[in-house]
Each structure stands twice: as C-alpha cells, then as structure tokens.
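Per our numbering, residue 56 is the first one in the sequence shown, and the count goes up by one each step. Glycine included, C-beta positions come from ideal geometry on N, C-alpha and C. As structure tokens, the structure follows; a few thoughts come after it.
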Amino acid sequence: WCRGVVPVVDDRCTVAIDTSLPEEDIWAGQLSSKNRNMIRKAEKNGLVFFRDDDFSCMEAFRRLYRQTMDRLGADSFYYFDDGYFREFARIFKGDGFLGLVRQGGEVVAAALFMRSGRFGHYHLAGSSREHASLGANNLLLWNAACQMHRDGVKEFHLGGGTDGSETNSLLKFKKSFSPELRQFSIGKLVLNEAAYQEICGAWARENPGKLATYGSFLLKYRY
C-alpha cells in the first residue's frame, strides 16, 4: 500500500499454513511426505507435544532458546533478556501459548506462538541438537498448526529463512509444512533525520565490527 510513497524493499518470502482447512487436509495436502515421516519418527521415539497456555514452562524455553542461539552463533540482537519473556507471557496470555515437546520428563523443543483474529504467528523457538534429528521440531510445528486450527486461526504464519535466499535451510524446513508463500517487504521512512543520524552514529561506535555487514541497512541489524 505504501509503494510510491516510501522506498519499499521486497526482503524475502515467508511461509503460511492454511489452517482454515480440516487437520486431515493440512496433513495430506500441505505437509511434504518427508515432513510427515519425521513427525511419525518423533512419535515412535516417544516425543510428545504439550500446550502451555499459562507460560509456566517459560524457564525451560528460555534455556533451550539460548542454547540454540549459542549453537548457531547468533548475533547479539537475537538474545533477549528475562524481562522480554516476562512481558511476552503477560501480553499474550489468552492470545498465545508456549508449545513444548518432551521426551520422558525432559523438554527437548519449545516455541512461542501468538494469535490475533484470523492470523497466528510462530515467534521464537529452541531445541536440543540430538532431538532435532528425531523430528522434535517437526512434531512441534505440526501440533502448533493443529492448535491454531482448533483456536479458529485461518492462516498460521511461520516466517521465512535467515536471509532472502530461496535455498536457505530454515526456509526449506518451513516450506515442508506448506507451499503457500507470502512476500515480506519493508517500507523505509525516516521521520526525524537528526535523531536517526545520532542513533546510527552511536551504533557505529559501539559496533565497529558490524559496519561492513549492516552499515547500509536502515535498521542496523539483520531483519
């Protein structure tokens, strides 16, 4: 809607699951055969999905999420303090949930989900390396899609990859849940040039090692 008014960057494709469909149609018509096999593998290995509407297991999620970011060598931007997660639980209680996958008594994968009206969204996730190979993340997202369907959500948005490449491994994983793609675009508009330049200057002084990668971005991080 803002094309022609502000510069617009078509950043990347994202994935959406049509959760208006019956669950059996989502399973048979949207999930890839490999994905379905991974979900069956997870179930055969004793992995079980739980839904936590009260976010009472947030500490287990935070631990897994941070371990996952450490393993991936994620940028500091992707690390959130405890206050962020407390506020998420406060704001989205009743409009979101924490999805958990357990094996025995151990939480091996978890993710935060939120919803509003007809839309649902997959936010942050973490999992143990060894259980990812057993299909823990596949089981997690499949069950989250079923929960969204039961909650009346019509479109469950999974987001995209870590960059704009069509061969990005995270994007390929998400596409195994649905062929439905959405274009994610960014409109660039600076309302206060002086304040913007001051903030950019402070960022450059504090992050000299990131100038080559992010210096040309409107927002000085990988969005």
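Residue i and residue j: beta carbons closer than 8 Å?
| i | j | result |
| --- | --- | --- |
| Phe174 | His212 | yes |
| Asn193 | Met93 | yes |
| Ser171 | Ile72 | no |
| Ala97 | Ala191 | yes |
| Ala144 | Ala165 | no |
| Leu86 | Ser271 | no |
| Val163 | Leu102 | yes |
| Val64 | Ile241 | yes |
| Val156 | Thr74 | no |
| Arg91 | Trp82 | yes |
| Cys201 | Glu79 | no |
Using a Cβ-Cβ cutoff of less than 7 Å, which residues in the same chain neighbour residue i once the five nearest sequence positions on both sides are dropped?
| i | result |
| --- | --- |
| Gly216 | Arg67, Asn223, Leu225 and Leu226 |
| Phe140 | Met113 and Arg117 |
Between which two residues does the beta strand (DSSP E) carrying residue i extend?
| i | result |
| --- | --- |
| Asp73 | Val63 to Asp73 |
Excluding sequence positions up to five away, which residues of its chain have a Cβ less than 6 Å from the Cβ of residue i?
| i | result |
| --- | --- |
| Ala199 | Gly154 and Phe168 |
| Lys229 | Val70 and Leu213 |
| Asn281 | Residue numbering for the chain in the displayed model covers 56 to 278; residue 281 lies beyond these limits and cannot be assessed. |
Taking the alpha carbon of residue i as the point to measure from, which residue in the options has its own alpha carbon closest?
| i | options | result |
| --- | --- | --- |
| Asp109 | Glu98, Leu196, Gly151 and Tyr134 | Gly151 |
| Gly149 | Arg58, Asp107 and Pro77 | Asp107 |
| His176 | Tyr120, Leu196 and Ala267 | Leu196 |
| Gln158 | Ile146, Asp136, Asp218 and Phe104 | Phe104 |
Can you give me the start and stop residues for the alpha helix (DSSP H) that residue i sits inside?
| i | result |
| --- | --- |
| Arg205 | Ala191 to Arg205 |
| Arg141 | Asp137 to Phe147 |
| Gly84 | Glu78 to Gly84 |
Please classify residue i as buried or exposed, where buried requires at least 16 other C-beta atoms within 10 Å of its C-beta.
| i | result |
| --- | --- |
| Leu127 | exposed |
| Tyr131 | The amino acid occupying residue 131 in the given sequence is Ser; Tyr does not appear at that position. Under this definition Ser131 is an exposed residue. |
| Ser183 | buried |
| His186 | buried |
Would residue i count as contacting chain B if we go by Cβ distances under 8 Å?
| i | result |
| --- | --- |
| Glu161 | Note that chain B does not occur in the displayed structure, where there is just one protein chain. |
For residue i, which residues from the same chain have a beta carbon less than 8 Å from its beta carbon, with the 5 sequence-adjacent residues on both sides left out?
| i | result |
| --- | --- |
| Met124 | Tyr133, Tyr134 and Gly181 |
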